[in-house]
Amino acid sequence: MPDSADLSAPPATPPGTSNDARTRVRRVALLGNPNVGKTTLFNRLCGLRAKTANFPGSTVDARVGTIARDGATTEIVDLPGIYALDLDLPESKLCRDCLAGRLADYHPDALLVVVDATNLERNLQFALSALRSGLPAVVVVTMTDVAARKGLSIDDRALGEHLGCPVVIANGRTGEGIDRLVSTLQAARTSAAAPNQGESMAEWAGRVVEESVGGERASGTDHDSIADRLDSAFTHPVLGTAIFALVMAALFVVIFWLAATPMDLLEEAFGALASWVRELLPEGLLADLLADGVVNGLASTLVFLPQICLLFFLLSLLEDTGYLARAAFVMDRIMCRFGLPGQAFVPLLSSHACALPGIMSTRLIPDRSDRLATILVAPFMSCSARVPVYVLLTSLLFPTNALRAGLAFAGCYILGAIAALGSAAIFRRTILKGRSRPMVLELPTYKWPSLRAALLVTVDRARTFLVNAGTIIMAISIVMWWLSAFPRVEPPAPATELRAKAETLADDDAKAELVADAERLESEAQQRGSFAGMLGNAVQPVFAPLGYDRQLTVAVLTSFLAREVFVTTMTVLVGTDDDIEDERVRQRLATATRDDGSPLFDVRTNASLLVFFVLAMQCLPTLAVTRRESGSWKWALLQLGWMSVVAYVAAFATYQGLGLLGAGAA
Amino acid sequence: MSVIPTPAPIRIPLTQLRRGDRAVVELGALEPDESKLLEAMGLANEAEVRVCRSGSMCIVQIEATRLGISAAMAARILARPCECHGIGANGKPLDGAECPVAPRASDVPASR
Numbered sequence: 245m246p247d248s249a250d251l252s253a254p255p256a257t258p259p260g261t262s263n264d265a266r267t268r269v270r271r272v273a274l275l276g277n278p279n280v281g282k283t284t285l286f287n288r289l290c291g292l293r294a295k296t297a298n299f300p301g302s303t304v305d306a307r308v309g310t311i312a313r314d315g316a317t318t319e320i321v322d323l324p325g326i327y328a329l330d331l332d333l334p335e336s337k338l339c340r341d342c343l344a345g346r347l348a349d350y351h352p353d354a355l356l357v358v359v360d361a362t363n364l365e366r367n368l369q370f371a372l373s374a375l376r377s378g379l380p381a382v383v384v385v386t387m388t389d390v391a392a393r394k395g396l397s398i399d400d401r402a403l404g405e406h407l408g409c410p411v412v413i414a415n416g417r418t419g420e421g422i423d424r425l426v427s428t429l430q431a432a433r434t435s436a437a438a439p440n441q442g443e444s445m446a447e448w449a450g451r452v453v454e455e456s457v458g459g460e461r462a463s464g465t466d467h468d469s470i471a472d473r474l475d476s477a478f479t480h481p482v483l484g485t486a487i488f489a490l491v492m493a494a495l496f497v498v499i500f501w502l503a504a505t506p507m508d509l510l511e512e513a514f515g516a517l518a519s520w521v522r523e524l525l526p527e528g529l530l531a532d533l534l535a536d537g538v539v540n541g542l543a544s545t546l547v548f549l550p551q552i553c554l555l556f557f558l559l560s561l562l563e564d565t566g567y568l569a570r571a572a573f574v575m576d577r578i579m580c581r582f583g584l585p586g587q588a589f590v591p592l593l594s595s596h597a598c599a600l601p602g603i604m605s606t607r608l609i610p611d612r613s614d615r616l617a618t619i620l621v622a623p624f625m626s627c628s629a630r631v632p633v634y635v636l637l638t639s640l641l642f643p644t645n646a647l648r649a650g651l652a653f654a655g656c657y658i659l660g661a662i663a664a665l666g667s668a669a670i671f672r673r674t675i676l677k678g679r680s681r682p683m684v685l686e687l688p689t690y691k692w693p694s695l696r697a698a699l700l701v702t703v704d705r706a707r708t709f710l711v712n713a714g715t716i717i718m719a720i721s722i723v724m725w726w727l728s729a730f731p732r733v734e735p736p737a738p739a740t741e742l743r744a745k746a747e748t749l750a751d752d753d754a755k756a757e758l759v760a761d762a763e764r765l766e767s768e769a770q771q772r773g774s775f776a777g778m779l780g781n782a783v784q785p786v787f788a789p790l791g792y793d794r795q796l797t798v799a800v801l802t803s804f805l806a807r808e809v810f811v812t813t814m815t816v817l818v819g820t821d822d823d824i825e826d827e828r829v830r831q832r833l834a835t836a837t838r839d840d841g842s843p844l845f846d847v848r849t850n851a852s853l854l855v856f857f858v859l860a861m862q863c864l865p866t867l868a869v870t871r872r873e874s875g876s877w878k879w880a881l882l883q884l885g886w887m888s889v890v891a892y893v894a895a896f897a898t899y900q901g902l903g904l905l906g907a908g909a910a
Numbered sequence: 013m014s015v016i017p018t019p020a021p022i023r024i025p026l027t028q029l030r031r032g033d034r035a036v037v038e039l040g041a042l043e044p045d046e047s048k049l050l051e052a053m054g055l056a057n058e059a060e061v062r063v064c065r066s067g068s069m070c071i072v073q074i075e076a077t078r079l080g081i082s083a084a085m086a087a088r089i090l091a092r093p094c095e096c097h098g099i100g101a102n103g104k105p106l107d108g109a110e111c112p113v114a115p116r117a118s119d120v121p122a123s124r
């Protein structure tokens, strides 16, 4: 339970008043209720000079920014929005720890408490509990423009007298009052004289509002006909669900549509970079490492950056309007049956584009168990990287029936969603057991979104993603490259012969064709002789019950880096590096054989592979992002293990079940 | 002198109120951490609320705060309707007629 004693007694020496505190950077903790404009204010104060990390021992975002003015630097720590300091919730505990100086590197010298002018009575009670920490404090009143529209006016001087600390009216959106806020904050050196009232906190807050708020509707209003009508529509069981479906469809159409061009450009840029590296460096290991390991490894992840930026930009706009809280509320009825909160819907839906932004957007979910359950199951949702695999396998499964192929394609998406929700239900009843946080949401006031705030959120998320991609993902890519590049295998005799023959030809096209054939043979030999290939051969018996031979096992193993690699590996193994959309390539794959001469892609194997790729993890960047977002490799490995087991069992059941039903070769 | 007992105030789950109804809520049936959270969010015990949406999902307004409460939680919040809107103090329909504000338990005089 919370230790409120820590907050009621001021520290023996208020940190802000010590001599050393005057010379070093001052640290100010920014706190307030959710939806009071705290983050907008933080962004206005610090702009892009903010960094995101995790608070020690938690996965809660710690955003830290700086304000440099008149030779003085102030560091602002943006604490999570909470309703009370003494709640038994992780965010409340974190704020208590921070105010009591128990968080290393986040010990504040002063407080900046944000209160919402449109909901002053409740916010003042929170402010009072924060002021009792005994730290120097400034209270900033936001949303005064919205309050003015409601007929309310705030007397900041009277409010300051009641609170015993400076009170400043400021607007994070327009910048109004920010200069005064910064100078007041820098001058705040003495502990707030928090009133020691003989009345209850609620009575005190009611009296303060009465004496500090003017206007004809000063006592507050509980009627807003426009909000009522919008809420009726947005939270209606049928209409609300339909509106949500439309909004989400529009969101993803826009993301796919707008992201397509930059993604193509990024792919081309990385391709050109890899070629440039190869031209610049002499042929050999270093060139292979940089071009194949580093550049291609980064390209496979960074190509999703446009999708991630667009998703977070649009989600931030939606959240700012107040709509997203209503949408979460509507979806809660469906999601709670699987042990997930309504807020899980957006991350799961986002995972259809790519699991990386999907997992990153689970930060919208306040409860840790709910959040972990959502992270663990998000990669079951069929992402865009699975599409090439689905296209290949469904077209091989139903080569002459487009309708069945289409239905199988849609079935993959349904199977993934069922697996995700079913797994969530299992996790919430076993390892993530426990009561979910009760679904009670504050429905914020509807307002126009702030483009500036959305852009800053996007930059912050993109930066986090890039740091992750540049460290963990790159390191693992290099390891995977090493496994497939070593030990070096001598070029096979036919490849050497082809190269020799190519040297004798005058026709450039014919020469290039022979060289390409030689490269394919060399690549195949390298793949077979490398550690990855040896691993493939060694574990082939494990995959035999699923119907996979040596070639398919190698393709499944190499696609662990990214599922779409399966298509590339298969085209290389069967002797082509052309586009999979090409009909000749499909024909070649359809007629490809195993070492014993039987068809490689018979109906049972095809169906088994399709089920395997719907359910298997097969995405290294996702694993790395899960580790980062969950704060531990334990959850990432559990995710990998669970998805692999589910995929294996389901693929086994498919292959053996079809065998029992008498399905034979294609 | 005998006192005619006043009917006990009607208490119904929040989910049974209709849109536009006003009621005083009682959080006694909630877990302590749930009622503490609601109180911090502005919905204290004995607070008067206006129902913006009722049924399986509940949206209530308390002064300037609008809260969405899941059906599972709303079903455990008891409400004393401030205006009848068709529900009498004895819990029976009133054919749309208005009735006095339902008294609190503490207001009911003890019969001798």
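If you're matching them up, the sequences are chains A and B in order. So in the numbering used here, spot 309 of the first sequence is number 553, and the numbers just go up one at a time. So in the numbering used here, spot 64 of the second sequence is number 76, and the numbers just go up one at a time. Built from N, CA and C at the ideal position, the CB exists for glycine as well.
inquiry  = At the 8 angstroms Cβ level, is residue 328 of chain A part of the contact set with chain B, yes or no?
reply    = yes
request  = Return yes when the Cβ of residue 275 of chain A is within less than 8 angstroms of the Cβ of residue 323 of chain A, no when it is not.
outcome  = yes
query = Listed from N- to C-terminal order along the chain, which residues in the stretch 26–46 of chain B have their beta-carbon within a distance smaller than 7 angstroms of any beta-carbon of chain A?
reply = 45 and 46
request  = Please state whether DSSP places residue 73 of chain B in a helix, a strand or coil.
outcome  = strand
ask   = Which partner residues of residue 398 of chain A appear in the DSSP bridge assignment?
value = A/457
task = Just tell me which of A/848, A/884 and A/849 has its CA closest to the CA of residue 862 of chain A.
result = A/884
key: Candidates A/315, A/567 and A/453, of which the one nearest residue 407 of chain A by Cα   = A/453
query = Can you name the start and end residues of the beta strand (DSSP E) that residue 275 of chain A belongs to?
reply = 270–276
message = Rounded to whole angstroms, what is the Cα-Cα separation between residue 737 of chain A and residue 528 of chain A?
response = 20 angstroms
key: Per-residue DSSP class, three states only, for residue 662 of chain A   = helix
inquiry  = For residue 598 of chain A, list the residues DSSP reports as bridge partners.
reply    = For residue 598 of chain A, which the question treats as bridged, DSSP gives no partner whatsoever.
query = Does the beta carbon of residue 476 of chain A sit closer than 8 angstroms to a beta carbon anywhere in chain E?
reply = Of the chains in the structure shown, none is chain E; the protein chains are A and B.
task = Under 9 angstroms between beta-carbons, which chain A residues line up against residue 66 of chain B? List them in chain order, please.
result = Near residue 66 of chain B there are no residues of chain A at all, since even the closest Cβ is about 11 angstroms away, more than 9 angstroms.
ask   = Going by DSSP, what residues sit across from residue 435 of chain A in a beta bridge?
value = A/380
task = With DSSP collapsed to three states, give me the class of residue 833 of chain A.
result = helix
task = Taking residue 321 of chain A as the reference, give the member of A/335, A/348 and A/352 with the closest Cα.
result = A/352
key: Residues within the stretch 55–83 of chain B neighbouring chain A, beta-carbon criterion of under 9 angstroms   = 55, 56, 60, 61, 62, 64, 65, 67, 68, 69, 71, 73, 74, 75, 76, 77, 78, 79, 80, 81, 82 and 83
query = Counting only runs that start and end within the stretch 33–90 of chain B, where is the alpha helix (DSSP H) found for 4 or more residues in a row?
reply = 44–53 and 83–86
ask   = Beta-carbon of residue 49 of chain B versus every beta-carbon of chain A: anything under 8 angstroms?
value = yes
task = Could you list the residues in the stretch 682–695 of chain A with a C-beta less than 7 angstroms from some C-beta on chain B, going in chain order?
result = 682, 683, 684, 685, 686 and 687
task = Would you kindly report the start and end of the unbroken beta strand (DSSP E) that includes residue 358 of chain A?
result = 354–360
inquiry  = Would you say residue 415 of chain A lies against chain B (beta-carbon separation less than 8 angstroms)?
reply    = no
ask   = Taking just the CA atoms, how far does residue 340 of chain A sit from residue 347 of chain A?
value = 9 angstroms
ask   = Counting only runs that start and end within the stretch 311–375 of chain A, where is the alpha helix (DSSP H) found for 4 or more residues in a row?
value = 334–343 and 364–375
task = Drop a sphere of 10 angstroms on the beta-carbon of residue 654 of chain A, count the other beta-carbons inside from all chains shown, and report buried for 16 or more, exposed for fewer.
result = exposed
key: Buried versus exposed call for residue 481 of chain A [16 or more other C-beta atoms within 10 Å across all chains shown]   = exposed
message = Here's the rule: buried if 16 or more other CB atoms are within 10 angstroms of the residue's CB, otherwise exposed. What is residue 547 of chain A?
response = buried
request  = Could you check what DSSP says for residue 385 of chain A in three-state terms: helix, strand or coil?
outcome  = strand
query = With DSSP run on the structure shown, which of helix, strand or coil describes residue 306 of chain A?
reply = strand
task = Check distances from the C-beta atoms of the stretch 348–375 of chain A to those of chain B and list, in chain order, the residues that come in under 9 angstroms.
result = 360, 362, 363, 364, 365, 366, 369 and 370
query = Apart from the five residues just before and just after residue 503 of chain A, which ones in its own chain have a Cβ nearer than 6 angstroms to its Cβ?
reply = 550, 551 and 554
ask   = For residue 558 of chain A, which residues in chain B fall below 9 angstroms Cβ to Cβ?
value = Simply none; closest approach about 22 angstroms.
CB-CB length for residue 777 of chain A against residue 800 of chain A, believed under 8 angstroms = That pair is no contact at about 13 angstroms.
Beta-carbon gap between residue 126 of chain B and residue 89 of chain B smaller than 8 angstroms = Since the first and last residues shown for chain B are 13 and 124, residue 126 of chain B lies out of range.
query = In chain A, which residues lie less than 7 angstroms from residue 52 of chain B when you measure between Cβ atoms?
reply = 327, 328 and 331
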